[in-house]
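Residue numbers (our numbering): 230 to 727.
Following this line, the structure appears as structure tokens:
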């Protein structure tokens, strides 16, 4: 058994009452913190509780220093949830919890390149872990916890419960105080816990939390051919051999050169486009397809420059690959410029911000491919570097209030304020939520007096956004930095004066 198998082999876990108790406590805590509440700091607090539960339930509890490190790692990864709940923050938090669970069970691979596969194998078994554990417990008479034992134990309680109910009813008939006490019980409070949505929420939390408390990995399929890895035979006339790659790179460089030349002339040089075509239309038609082209090119480069392949033995192929990567980087930069031109005409939206970030990530990936080739790094280094850059971008982005940023940008570049660009789309701005209120205030203040209709519409949008924000359910469990900042702004004298 090699090192990787040892790391991914699940340890025997001692059965005890700690994990079921932790599971029940965490489900109850989730019901108190999250169910029926607006999302906010409650997600962060629940993630901390799950992390503590994982460390507490580990078969071999980690040392204090390791436990503190894992808890600190979870706090750092989940910090975006304190700023504001978002899908990115939830993904980062869930990934951190999976990492803590894997480390506590000693299932974490030694190399970072093995982490995606281990995460995937872990994620596959999450929906099945609770049902699997229940089935095993019920089918294990050796531990005294079989279905027959449960049935027998339940049977022992039937007669006492029936007799107790009869006695209580008799006492209620005989004693008015008992009758008043029974009548004062609000069974509606008990019935609210029988809500199907609430039970479904409990089940979902229990399934996920139990998988974290008792992590397992999906078994690997049996390898064929005695574990021989798949290889592309680097023969000269093979589809990915020397001759084919040389011809492909020459052709690809020529095709990309045409696109690069057109971008240099029309985008970067500002030359006049043909009639009936604006720079915005030219930019919009090319931004997204060019990113897909860059991704395909990156995959081809990895195949062409594999270790032991034709690129290792041909300086011409290496030179063509370097030139092609350079053109792809320029392609990404041109896509960003295209997006910028389109935004100038049609303003900024959340999808266009996401597209810009995606283009930047692709450009970073292409540069990393070039560095891998120049410094003769391994694919493991390339995967690690790309994963680090992706996580860095996502983590930083999760702290940015993009609706507020978009509102400030669109207000500053609106036709009413800058005398250039498109008119401010108040309908879209209102769909972004209350974060746009400070930008709306600036817009209302700077709007010329002659645009009375536009100002009245902006004031109406601002009023409804502010009213809806102030009327939200106020609870410490839904507190976030973002809402606290906005509330502080709305209570400021300048905002009240408006």
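No residue lacks a Cβ here, since even glycine has one placed at the ideal position from N, Cα and C.
- Per DSSP, the unbroken alpha helix (DSSP H) holding residue 441 starts and ends at 425-442.
- Taken in chain order, the unbroken stretches of alpha helix (DSSP H) that lie wholly in the segment 540-628 and span 4 residues or more are 544-575, 579-603, 608-626.
- Residue 497 is classed as exposed because its beta carbon has fewer than 16 other beta carbons within 10 Å across all chains shown.
- In the three-state reduction of the DSSP assignment, residue 709 falls in the coil class.
- Between residue 256 and residue 431 a beta carbon distance of about 5 angstroms is seen, short of the 8 angstroms cut, so the two are scored as contacting.
- Secondary structure at residue 263: coil, using DSSP grouped into helix, strand and coil.
- For the set 551, 283, 262, 359, the Cα lying nearest the Cα of residue 274 is the one of 262.
- Residue 341 and residue 271 have their C-alpha atoms some 31 angstroms from each other.
- Considering only 443, 542, 641, 439, the residue with the shortest C-alpha distance to residue 650 is 641.
- Excluding residues up to 5 positions away in sequence, 247, 248, 251, 442 lie with their Cβ nearer than 6 angstroms to the Cβ of residue 286 in the same chain.
- Note that the segment 616-633 does not touch the segment 285-301; fewer than 3 beta-carbon pairs, one per stretch, sit closer than 8 angstroms.
- Around residue 355, the same chain offers 440 as residues with beta carbons nearer than 6 angstroms, after the five sequence neighbours per side are excluded.
- Residue 345 counts as exposed, since fewer than 16 other C-beta atoms from the protein chains shown sit within 10 angstroms of its C-beta.
- Taken atom to atom, the span from the alpha-carbon of residue 348 to that of residue 327 is near 7 angstroms.
- Between residue 306 and residue 336, the alpha-carbon positions lie close to 20 angstroms from each other.
- Linking residue 648 to residue 676 through their CA atoms gives a straight-line distance of about 11 angstroms.
- Annotation for residue 444: 330, 331, 334, 336, 351 place their beta carbon closer than 7 angstroms to its own, counting only its chain and skipping 5 residues before and after.
- Pairing residue 446 with residue 437, the inter-Cα distance amounts to about 14 angstroms.
- For residue 664 against residue 711, the beta-carbon gap comes to about 7 angstroms, under 8 angstroms, which counts as contact.
- Cβ neighbours of residue 284 within its own chain (closer than 8 angstroms, five residues either side excluded): 290, 291, 296, 299, 300, 329, 333.
- Cβ neighbours of residue 318 within its own chain (closer than 6 angstroms, five residues either side excluded): 309, 310, 627.
- Of 670, 525, 562, the smallest CA-CA separation from residue 493 is found for 562.
- For residue 605 and residue 548, the gap between their C-alpha atoms comes out near 14 angstroms.
- By the neighbour-count criterion, in which 16 or more other beta carbons inside 10 Å mark a residue as buried, residue 412 falls on the exposed side.
- The Cβ atoms of residue 708 and residue 265 lie no closer than 9 angstroms to each other.
- By a beta-carbon distance limit of 8 angstroms, residue 598 contacts residue 530. Their separation comes to about 6 angstroms.
- In this structure, the straight-line span from the alpha carbon of residue 343 to that of residue 353 is close to 16 angstroms.
- In this chain, the alpha helix (DSSP H) harbouring residue 683 covers 681-699.
- Assigned with DSSP and collapsed to three states, residue 447 falls in coil, not helix or strand.
- Exclusion of the five residues before and after residue 435 leaves 252, 256, 359 as the residues of its chain whose Cβ lies within less than 8 angstroms of its Cβ.
- In this structure, the alpha-carbon of residue 293 lies about 47 angstroms from that of residue 668.
- Linking residue 585 to residue 339 through their CA atoms gives a straight-line distance of about 34 angstroms.
- Taken atom to atom, the span from the alpha-carbon of residue 575 to that of residue 687 is near 19 angstroms.
- Taking a 10 Å sphere around the C-beta of residue 718, we find fewer than 16 other C-beta atoms and assign the residue as exposed.
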